[in-house]
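Here is the structure we will look at, set down as structure tokens.
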Amino acid sequence: MSRLVAWAIFLLGCLYFLLPLLGMGEFSLRMRRGEYSLDAYRVVFADPRFWETFGYSLGLAAATIVMGVVLVVPTAYWVRLKLPQARPFVEFVTLLPLVIPAIVVVFGYIRLYNTSSFLPLTGSALGTDILLTMGYTTLALPYMYRSVDTGLRTIDVTTLTEAAQSLGAGWFTILARIILPNVMVAVLSGAFLTLAIVMGEFTMAALLNRPAFGPYMQLLGANRAYEPPALAVIAFAITWGCMGLMQLVTRFSKHERAKA
Amino acid sequence: MPTAPKGPRLRLPAGLPVAWLGLLPFAAFAVLFLILPTMKIVLGAFQAPDGSFTFQNLLDLNTDSIRSAYWTSIKLSFMTALLGCAIGFGMAAAVVFGGLPKAIRGPLLTFSGVASNFAGVPLAFAFIATLGPVGLITLWLRNEFGINLRALGFNLLSYWGLVITYLFFQIPLMILIITPALDGLKKEWREAAAVLGATGAQYWRMVALPILFPSLLGTFALLFANAFGAVATAFALTGPQLNIVPIKLFAQIRGDVLGNPNLGYALAFGMIVITALANFLYIWLRLRSERWMK
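One line per chain: the protein sequences are A and B, in this order. So that you can map any letter, position 37 of the first sequence is 37 in our numbering, and since no number is skipped, the others follow by simple counting. One gets our numbering by counting positions in the second sequence from 1 and adding 1000 to each.
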């Protein structure tokens, strides 16, 4: 491929990606007539609903990360240590959320856990929050599992376990104080991706009727002109921040390993 | 699996059943929050309102409105996957082989990671602010060049508007997946082809593309499923009126617009069938392509 063609393709691609970002940035500054101002951001930040939904989604993201870690780290560890033959099965399950669309999963939740079922989770706000957390955990599962499993590959699980056991450690101690710190980088990188997914998620929260950030953005988008692009800028900054932190922890870990 | 009572006695010394207990929490989670909900939908698609077995729900999908929703969804997913693959491949190839500075590569991959996750509601806002009725490009073209996009028939809230918007997360996904595959093309292959007298075009046509073909087709299938299941972007862009399957299902779950709950199950079942086919194609092709990428 000639260098000129390569540059042309690359720059055209960049233009396609930069223009919408420029567009939302410019539009979000247009609220005051005739001049650029940060009014749209001021309005957004002054809206109590913004902080409520933002905080709610942040809380859910934290719960999802905790749930994901508690679920994935012991399972991936156990599969590596004792059950390598179960790997295809576990990997298949962790890939399922990519196969089954989120809207179908949440449809199943609504029908399966309604008030007249064996586990009436949608009957109360707390129950629905738990259900939503579980839904988000399934969305994050493919990324969390892959990340932690890759992290476990770099450490000698068997030797660490045997060493801890001969010093009298129980399973909980081994997991919490030996394995988890050793795969912390992988866990953090999965956690930041989970945060990015949860903060912008719309479908599950909207269908379960919970006041999350995604449905709030959609609602504002249907009713306002200048606030939505301001929200888009904020959401983009969050995604960018999450990915940046992911890169940062990964780079940090490479540095550590190189020194060791 | 034999379930005779002597089974456990035979297996216990090997420690097998005890070790499998360690997977219990994960299995319980998967069953409760992935498998049972999906089973509920699948079974519901084959049930009449009184609970008896029937194919009627699937047959009832064959109405004009639902057929056209599936058709639009398939066209949309196909087109965005095709363009996403082509453009993503072009950009990845430009960076890997095109002699662009090495410093571009890292930022491009990082940006791709961000952009492939920047989907949903905010993405729709970004495109409305750019190509919407008073968006940046719309106004710029009108004021500087007197080009009225609307008069030319372009509307962001249409099929092509959705295609352009979906590409924002489809292209980066392609770049993320195909760059490692392009890195896997060994220099020796190109040199061997050149020694045997192949031109650059012949090398691509007869060596590189056949090797890359499973990854390309596999990524195409993944992008297809990715677009097919997407709800939020389309919903925030056009509201509930656009006739594609995920939006239709969304409206059905909220308010039973089809007037038949079991028809909703059938609609969702159709989605699972299509994304599952696309994904299994992806996984199967990826296993094939990995043979070359050692």
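Each residue gets a CB set at the ideal place from its N, CA and C atoms; glycine is no exception.
For the pair Leu1237(B) and Leu1139(B), the CB atoms are not nearer than the 8 angstroms cut-off. With respect to the 8 angstroms criterion, Val105(A) and Leu1034(B) are classified as neighbours on the basis of their beta carbons. With the rule of 3 Cβ pairs closer than 8 angstroms, the region 1256 to 1266 of chain B does not count as touching the region 233 to 251 of chain A.
In this structure, Pro181(A) is the residue among Pro181(A), Met144(A) and Met243(A) with its C-alpha nearest to the C-alpha of Leu160(A). For Asn1279(B), the enclosing alpha helix (DSSP H) has its first and last residue at Pro1261 to Ser1289.
Secondary structure at Phe213(A): helix, using DSSP grouped into helix, strand and coil. In this structure, the beta-carbon distance from Phe1228(B) to Thr1165(B) does not fall below 8 angstroms. With fewer than 16 other Cβ atoms from the protein chains shown falling within 10 Å of its own Cβ, Trp1160(B) counts as exposed.
Judged by their CB atoms, Trp1020(B) and Leu98(A) are not nearer to each other than the 8 angstroms cut-off. Chain B places no beta carbon closer than 8 angstroms to that of Ile65(A), leaving this residue out of the contacts. Across the region 111 to 139 of chain A, CB contacts with chain B closer than 9 angstroms involve Arg111, Leu112, Tyr113, Leu119, Leu131, Met134, Gly135, Thr137 and Thr138, in sequence order along the chain.
Of the candidates Arg33(A), Ile197(A) and Leu208(A), Leu208(A) places its Cα closest to the Cα of Leu112(A). At least one beta carbon of chain A lies nearer than 8 angstroms to the beta carbon of Lys1040(B).
Beyond the five residues adjoining it in sequence on each side, Ala1208(B) comes within less than 7 angstroms, by CB distance, of Leu1185 in the same chain, given in chain order.
Secondary structure of Phe1154(B) (DSSP, three-state): coil. Under the 8 angstroms criterion on CB atoms, Phe192(A) is classed as non-interfacial with respect to chain B. The CB of Leu1023(B) comes closer than 8 angstroms to the CB of Thr75, Trp78, Val79, Leu83, Ala86 and Val90 in chain A, given here in chain order. Each residue's CA atom was taken as its position, placing Phe192(A) and Met246(A) some 6 angstroms apart.
Taking every protein chain shown into account, the CB of Asp149(A) has 16 or more other CB atoms within 10 angstroms, so this residue is buried. When the five nearest sequence neighbours on each side are left out, the beta carbons in the same chain lying within less than 7 angstroms of the beta carbon of Ile1147(B) are those of Leu1141, in order along the chain.
When C-beta distances to chain B are compared with 7 angstroms, every residue of the region 145 to 178 of chain A stays at or above that value.
Phe1089(B) is classed as buried because its beta carbon has at least 16 other beta carbons within 10 Å across all chains shown.
Membership of Thr115(A) in any alpha helix (DSSP H) is not indicated, and neither H nor E is assigned to it by DSSP.
Residue pairing by DSSP places Gln1047(B) opposite Phe1053(B) in a beta bridge.
Within the same chain, and ignoring the five residues on either side of Gly1044(B) in sequence, the residues whose Cβ sits closer than 7 angstroms to its Cβ are Asn1262 and Tyr1265. According to the DSSP assignment, Glu1191(B) belongs to the alpha helix (DSSP H) that extends over Lys1187 to Val1195. C-alpha of Leu1083(B) to C-alpha of Ile1171(B): approximately 8 angstroms in a straight line. Under the DSSP assignment, Ala1126(B) falls in the alpha helix (DSSP H) whose first and last residues are Val1121 to Leu1131. When DSSP states are grouped into helix, strand and coil, Asn1148(B) belongs to the coil group. Residues of chain A whose Cβ lies closer than 9 angstroms to the Cβ of Arg1286(B) do not exist; the shortest such Cβ separation is about 11 angstroms. Only Thr239, Trp240, Met243 and Gln247 from the region 238 to 257 of chain A bring a Cβ to less than 7 angstroms from some Cβ of chain B. The DSSP-derived three-state label of Met1091(B) is helix. In the same chain as Gln218(A), and ignoring 5 residues on each side of it, the C-beta atoms closer than 8 angstroms to its own belong to Phe202 and Ala206, in chain order.
For Val43(A), the enclosing alpha helix (DSSP H) has its first and last residue at Asp39 to Ala46.
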